[in-house]
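Notes for the one structure printed next.
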Amino acid sequence: MVPMRLPPLKAVRAFEAVCRHGSILGAAAELGVVRGAVRQQLAILESYFCEKLFERDGRKLTATAKAARFAEAANAALVALERAAAEFAGGEHRRIRLGVPSAFAIWWLVPRLANMQAALGSVDVDIVPMSIVEPLSLHPELDAVIMGGEYRPAAGVTAVKFMEDEFGPVATPDLADGIADDPAHMAEITAVVSRSALSLWQQWFAESGTQAVTFRRKQEFEDLPLALGAARSGVGVVLAPRAAIEDDLQRNLLAAPYGFVRRPAGYSLTCRNADAKMPAFTALRDWLLRSGVSTQ
């Protein structure tokens with residue numbers, strides 16, 4: 018066998034950190050070195066590849082297209098190596114740091130937390146709320162991330178879709194009764210909107226085949242949990258994922274006058290390929306698959 022010729026690991030580590038942080042200063046702080054040491058490692062890697070890794074735009078460094086692809090692969094490889102070293106030193110991985118969209122954590126995962134813990138036994142799951150959900154490749158401190166929407170896994174990442182997405186307008190039963198006969202009546206009440214999904218109403222009108230209306234008033238809230246709280250108090254009508262308000266529907270706190278539209282997007286558990294077959298991750302994946310199906 019011909020020995021593999023690998024680039025200098027120290028230089029790769031510095032390069033990957035610069036790409037992840039978007040700056041030499043951030044990489045230097047993470048690695049515990051001065052900026053000059055990081056620049057030196059970047060020069061070593063450029064010499065190894067005989068081409069530039071970054072383009073300079075004013076004071077900003079931007080990775081070239083080829084370098085960005087290499088950074089993605091380097092991230093996956095470094096994380097896999099770190100996980101393997103941890104397993105070698107400490108045995109089987111039984112703690113998972115799980116990044117979860119904040120709204121999803123509040124309205125779906127946390128209410129099922131006791132059930133999840135019972136199903137996973139000795140596996141501990143640390144839930145890390147994410148106000149801005151980013152791929153696993155940008156978060157080496159996390160073991161897995163729940164992604165929503167049309168997500169395409171990056172190199173070295175496994176994604177398993179465990180729940181489909183349904184959404185529709187909901188309001189208190191009194192308000193819902195007043196608009197149930199004709200969606201055009203929604204124009205007479207307040208549209209409650211989450212700033213995290215400002216285009217959701219337009220998407221619902223298009224995907225449900227409903228004639229768009231001009232609301233008498235719109236009231237914006239920072240995120241979906243706040244918007245749902247406003248709808249529960251009778252402020253107006255809000256678009257919500259079905260899983261978010263299933264309990265409210267059963268308790269007659271909210272009503273869905275037009276039902277729900279099923280979307281191609283959904284929710285996926287993402288983890289690194291090296292972790293995908295470990296017992297702790299397969300236990301979490303299997304529980305999510307069972308629980309996601311049961312909510313539809």
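Numbering (my numbering), first residue to last: 18 to 313. From the three backbone atoms N, C-alpha and C, an ideal C-beta is built for every residue, glycine too. Predicted model only: the values in this text are computed from it and were never measured.
Per-residue burial, residue i [other beta carbons within 10 Å of its own, 16 or more giving buried]
i, result
"Phe32", "buried"
"Asn92", "buried"
"Val289", "Here the sequence assigns Arg to residue 289, which means Val is not the residue at that position. With 16 or more Cβ atoms within 10 Å of its Cβ, Arg289 is classed as buried."
"Glu89", "buried"
"Gln58", "buried"
"Ser105", "A small fix is needed here, since residue 105 is Phe in this sequence, not Ser. Flag for Phe105 reads exposed."
"Ser139", "exposed"
"Val55", "buried"
"Gly75", "exposed"
"Val19", "Reliability of the predicted coordinates at Val19 is poor, the pLDDT of 49 falling under 50, and the value obtained from them is presented with this limitation in mind. So Val19 ends up on the exposed side."
"Leu305", "buried"
"Leu26", "exposed"
"Leu130", "exposed"
"Leu215", "exposed"
Helix, strand or coil at residue i [DSSP, three-state]
i, result
"Gly39", "coil"
"Ile196", "helix"
"Val19", "Confidence at Val19 is low in this model, with a pLDDT of 49, below 50, so the placement of that residue should be treated as unreliable; the coordinate-derived value is given next. It is coil, neither helix nor strand."
"Lys77", "strand"
"Leu159", "coil"
"Glu47", "helix"
"Phe66", "helix"
"Phe71", "strand"
"Arg112", "strand"
"Val187", "strand"
"Phe222", "helix"
"Leu215", "coil"
"Val127", "helix"
"Ala293", "coil"
"Ser285", "strand"
"Val29", "helix"
"Thr207", "strand"
"Gly165", "strand"
"Asp303", "helix"
"Val150", "coil"
"Gln267", "helix"
"Val117", "strand"
"Gln228", "coil"
"Pro170", "coil"
"Pro24", "coil"
"Pro242", "helix"
Neighbourhood of residue i by C-beta distance below 8 Å, restricted to the same chain and skipping five residues each side
i, result
"His156", "Gly116, Val162"
"Asp141", "Arg111, Arg112, Ile113"
"Pro24", "Leu62, Tyr65, Phe66"
"Thr207", "Phe232, Arg233, Arg234, Lys235, Gln236, Val252, Gly253, Val254"
"Ala101", "Ala291"
"Gln228", "Pro200, Ala201, Phe222"
"Phe277", "Glu183, Phe184, Gly185, Arg259"
"Ala97", "Gly173, Arg289, Asn290, Ala291"
"Ala300", "Ala136, Leu137, Gly138, Val140"
Cβ-Cβ separation, residue j to residue i (assumed contact under 8 Å), whole Å
i, j, result
"Pro118", "Val150", "5 Å"
"Leu48", "Ala28", "Contact flag wrong, Cβ pair sits at about 12 Å."
"Asp265", "Arg249", "7 Å"
"Val230", "Ala197", "Val230 to Ala197, Cβ: 15 Å. No contact."
"Ala84", "Phe71", "7 Å"
"Ala80", "Cys36", "5 Å"
Other residues of its chain near residue i: CB distance less than 6 Å, five sequence neighbours each side excluded
i, result
"Ala261", "Trp124"
"Leu241", "Ala120, Ser211"
"Leu159", "Arg114, Gly116"
"Gly166", "Ala282"
"Leu153", "Val162, Val174, Thr287"
"Ala244", "Val209, Ser211, Phe238, Val255"
"Leu384", "Because residue 384 is not part of the residues shown, which for the chain are 18 to 313, the question remains open."
"Gly309", "Phe179, Met180"
"Phe319", "What the structure shows of the chain is the stretch from 18 to 313, and residue 319 is not part of that stretch, so it cannot be assessed."
Own chain partners of residue i with C-beta closer than 7 Å, once the 5 adjacent residues on each side are dropped
i, result
"Pro170", "Ala176, Thr287"
"Arg52", "Ile41, Leu42, Ala45"
"Ile144", "Leu115, Val117, Ala122, Leu126"
Any C-beta of chain C under 8 Å from that of residue i
i, result
"Ala85", "In summary, chain C is missing from the structure at hand, where a single protein chain is found."
Residue i CB to nearest heavy atom of the ligand ZN below 7 Å
i, result
"Gly43", "No copy of the ligand ZN appears in this structure; indeed no ligand is present at all."
Exercise for review: Determine contact between the segment 204 to 211 and the segment 249 to 260, defined as no fewer than three beta-carbon pairs at a distance below 8 Å.
Suggested key: yes
Check your understanding: How do the segment 264 to 274 and the segment 188 to 195 stand: do at least 3 beta-carbon pairs fall below 8 Å, yes or no?
Key -> yes
**Study point:** contact_flag[the segment 177 to 184, the segment 277 to 287] where n(CB pairs < 8 Å) is 3 or more
**Key:** yes
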